[in-house]
Amino acid sequence: MNVPLPTIRRSCLRRPSWALMLSLPLILAACGGGGGGGGSSGDPPPPAAAWTTALATGDASAVDSATALSQTQALLQAQQAMVETTRQAVLGTGSAGGTEAVAPASWNPTHDSVYFTLLDPGRHAVLLTGNWRYKGSEAAAGRVLAVAGADPSTGARYAALGGNPLAVRGNAAMDTMLRNTMRWLTGRSTLNGLRVVTAHLPSTATYWFQHEAPTRAWLTAQVPAVRINGVEGSLAVDDSCDGSALAGCLQNADLLILGRQQGPNQGNSSTPDTYPAGYDTTTVMAALRAAQARGVPVLYLHHGRDDNTLSSALMQHFGLAVNNNYWAQEGLKDWSPTSLAASDSAPTTLALLDRLRSGHFSTTFSGCSTVVGKVQCEADTALQTEFNTPAGAIRSRLRALDAQGLALFEQPGYALEKHLVLLGDTWRRAVAYPMDKGGDKGLFFRALFSDMTAYLHRRHNATAAHQGSFASAIPAATPALVRTVTGTAPATGTGELMTGLYVMPGRSITLTREDAASATVTVGINLLRDTTRIYNPQGYDRPTQLASPRMPLIQGQPVTLTSPFGGPLYLFLGAASDTPAIRVTVEGVTTHPALRDMNDAAQVAAFKAEMDGTPTQWVGITTDALTVHSTLAHMRTTLAAHGGDMALLAQRLNTYMVEDTYALAGFHSASSGLRLPASVSAFCDNAGWDCTGPQHRRDVMQHVIVDTVALCGAGCSGNPYDQNWALDPLGWGETHEIGHNLQRSRLNIYGSRSTEVSNNIFPMHKQMAFARANPGSTALVRGDGDTRKVFGWLKDALQPGASADAMRQALWTATGTYDNAAERLVFYRQLVEYARHYRPEFTDGWALYTLMYLLERNLTATIASTTTTSADWLAQRSALGLGTYASPPTAMDGNDFMLIAASRIIGRDLRAVWSLWGITFSDAAAAQVAAYGLPAAELLLFPMKQLNAFGNGVGAPLPLSATASYPAGY
């Protein structure tokens, strides 16, 4: 091997180092060929040296992909081998010297225990996973109860258990496992004469399980001639090596056994914020780190079910986190070490890397299908197994670390994560959009892998030659600016700040939070959902995972980020009762056009000027309730459609996309013009409804992404929702998508069969309102829903001998997403005319839907706040108009709710109307409507040519019969 022994053993003089064994592939690579011998100062560094630099800096610019791949594979193999040899030594699964075989183990750690989350999985071997819950009836979740690892800086070994099996005993197999663990930690084949330091562990007098043998008694019985805290085992004194005494005790120790106690005799009691002299965490951690630097191993035994200051610091040192095991009380029962094999992810990651290297993936994409224009491949088993599952796990892991604010390459450890990020960097440089799944699979999947391994908390990042359809190239000469962003945290909920700043691909930015506010602040780059149509022909034309994780900003702690993709920068603000000011300085950015007040002439002029000269492709405009994030090209189209009149655009956004939509749903807001119509308020007062409570408050900012592609179809609901056409405040599709966000299941007839129906009351009403306010306008003639066609179906259903199920079969039985959507919307539109006909005080009848939304939210709030006792429900049911229901109707569907609500609001018994339209309802709903004692509604149809018709565009009510005729002109 030609590796000098001192080089390998240098940082651990007592015993072989696990951490150094994991770095062995790099040491061997440095001694092998391929790097050349010497060369001038202008020559590139040899591969191993370049790789060492890349790991230290996060800069892969001097590394080729072959080197990155081989180093990553070698690290995985080393980690896999280390896990296997560690388990052999500790669990007796092999023939390691001095190891006792561990028979099936049983251990109840009690509810005063924890299980671990591995923050840095690559440095750990999981030793024990729960297979039995000693509390509750659920199956065990396989939670991690014990791990072994090595400090990434010193190589010193440690093991951690979520309870103290030296005091809370398991069976004899657990004792064997503990002896093996101590041999592995100390590198000794025999434990005779072991010099142990015990510190910060509860004594027998205060420990929860007083009948169990304490730690000292176990050591005395299990380890011949053991010395504890410098004396013969049985003479050891409690707490003699705690706190300030720990460093001195460890000078000649073979092993430190450490707990989390932060004061003498604290046991499991809650620890105070301040601790007795000598017990401060800083002192303990300094002694621990110094001992580990000398190679002293640590056995950590957690006692109690909570974290405290000391255990939190220890977990950070060990790359772990603790989780309360109180409710699960997960432990071991006849547990076998062979059950650990399935928990090792290294083989699947190695297989993924080998396929990425060769480009050999077996998937033929035969399991893919097209849904609303988007190719989806969740059913392709080979694709999921070979790439999506293992790569998705890597993506989730890295994004979680980014979201924690971890500056990856400035941390010890995290070796595998660093390798994977750098490997992705080397492959990203070769990406050229667009790509097609039917082309070179190696190029295709390596590009996807580079997207999934993008990591932002670092000073360097690799970029593709261009960003495809996401963004145009930004000239290298574009200056980096320093800007300060200010805002006010909301009193409730969350807030977002469109900063108007743009992160340039591959160029670092630094953010410093300078305020003293209590509100949380996180930062994110891009607000796009993962809209890349990866599997569509030529659809992989931009990166995936464009929206970054939201990353924390802490006062006075500068954060440096580098994005491989770039994009608009956003701040997300948590609530604070005093609505304090937020102030963040950002260095290294450029700007993009962003308009916050469309009625400010100076801002509008500056916005338009910047649109003409911006190097970016994204612009934004915002109102109190709506923020639009648009491509530059789409925004130019929108402005042109409004004659360049930004005030007109603002008026239409506020009046029609925001106020008309949310007011129809019965919302009110502190910041916009949302208010209830007088007729609605009057009805609420008469009925005794709460129509202004917090359940009816709408202070959520709706984000709209106006892009070249949507997450699904041409437009896709959500917050943000996205669309692939230029924004039109009067357009049907815009409010159709917002309407999806407002849908309530109890306002859907036949459930999901109204998913693409009930939301359309909002664009329908919006366009009607615009037409009413702009007489003679022909821009909004919408023919969705053929009333004449539905009239024919209703007439057929009334024919002698017609099936009682005829209308349901014709209108409602088809289950496709868009089946009969237009015709089903006719029903919703007809209900409005029923309300106008029977309740003239409603003016145009649309108050019906406002009142139904208000009632539905009241019902939902009541059910959520009502206990199972009958008295709670009985006290509130009458005000909701549900006096015949003995218990809360938690499962009430839209057929029943709309029948009850519409009958009560309109003042007519609508059961016959429901039956004619083929809508079934329950006996309970029928009984409630009957209890109202209302006159029956007539069977009517209100003729209209377009569903957004109003006034004279709606004909006189037509009584329905087998011989009725549809009137001309409608």
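Residue numbering for the sequence shown is -29 to -1, 1 to 941, as defined by mature numbering (1 follows the signal peptide of the UniProt record, and there is no 0).
Think of the CB as a built atom: it goes at the ideal place given N, C-alpha and C, for glycine as much as any other residue.
Per the C-alpha coordinates, the member of Thr186, Ala386, Trp764 positioned closest to Thr934 is Trp764. Distance between Arg646 and Arg669, taken at the CA atoms: about 11 Å. Nearest neighbour of Gly93 by Cα position, chosen from Asp122, Thr397, Gly101, turns out to be Asp122. Taking each of Leu89, Gln48, His273 in turn and checking the Cα distance to Pro136, the smallest one comes out for His273. By a beta-carbon distance limit of 8 Å, Ser211 contacts Asn200. Their separation comes to about 5 Å. With contacts defined as CB atoms closer than 8 Å, Pro860 and Leu870 fail to qualify as a contacting pair. The three-state reading of DSSP puts Glu909 in coil, since its state is none of H, G, I, E or B.
By the criterion of a C-beta distance shorter than 7 Å, His736 is surrounded in its chain by Asp631, Leu635, Trp817, once the five residues flanking it on both sides are discounted.
When the five nearest sequence neighbours on each side are left out, the beta carbons in the same chain lying within less than 6 Å of the beta carbon of Thr280 are those of Thr252, in order along the chain.
Taking each of Phe813, Val115, Ser108, Leu98 in turn and checking the Cα distance to Phe87, the smallest one comes out for Val115.
Counting only the Cα atoms, Leu369 lies some 7 Å from Glu388. DSSP places Lys737 in the uninterrupted alpha helix (DSSP H) bounded by 732 to 744. In the three-state reduction of the DSSP assignment, Tyr799 falls in the helix class, which pools H, G and I.
Counting along the chain, Pro361 sits inside the alpha helix (DSSP H) bounded by residues 360 to 374.
By the Cβ-count criterion, Thr161 is exposed, with fewer than 16 other Cβ atoms from all chains shown falling within 10 Å of its own Cβ.
Contact between Arg265 and Asn295 fails: their C-beta atoms lie close to 34 Å from each other, not under 8 Å. Taking C-beta atoms under 8 Å as the contact rule, Leu226 and Leu270 qualify, at a distance of about 6 Å. The residues Phe741, Ala742, in chain order, have a CB closer than 8 Å to that of Ser748 in the same chain once the five nearest residues on each side in sequence are set aside. For Ala898, same chain residues with a beta-carbon under 8 Å away, outside a window of 5 residues either side, are Thr855 in chain order.
Per DSSP, the unbroken alpha helix (DSSP H) holding Gly219 starts and ends at 217 to 220.
Pairing Pro551 with His431, the inter-Cα distance amounts to about 34 Å. Ranked by Cα distance from Ser932, the options Leu769, Ala448, Arg58 are led by Leu769. Where Asn657 is concerned, the enclosing alpha helix (DSSP H) starts and stops at 649 to 658.
Distance from the CA atom of Glu727 to the CA atom of Ile720, rounded to whole angstroms, is 11 Å. Distance between Met778 and Glu804, taken at the CA atoms: about 20 Å. Assigned with DSSP and collapsed to three states, Arg484 falls in strand. According to the DSSP secondary-structure assignment, Phe543 is paired through a beta bridge with Glu467, Thr493. If you keep only unbroken alpha helix (DSSP H) runs of at least 4 residues inside the stretch 666 to 741, you get 703 to 713. By DSSP's assignment, Lys345 forms a beta bridge with Val342. Under DSSP, Glu558 takes part in a beta bridge, and its partners are Val453, Thr481.
Sorting Leu887, Arg882, Arg166, Pro539 by C-alpha distance to the C-alpha of Ala896 places Arg882 at the top. Secondary structure at Arg198: strand, using DSSP grouped into helix, strand and coil. Contact between the stretch 392 to 407 and the stretch 442 to 458 is absent: fewer than 3 CB-CB pairs across the two stretches fall below 8 Å. Taking C-beta atoms as the reference points, Ala119 and Leu90 fail to come closer than 8 Å.
Remark: C-beta atoms of Leu542 and Leu468 approach each other more closely than 8 Å. Looking only at Thr152, Gly464, Thr503, Ser774, the smallest Cα-Cα distance to Ala490 is reached by Gly464.
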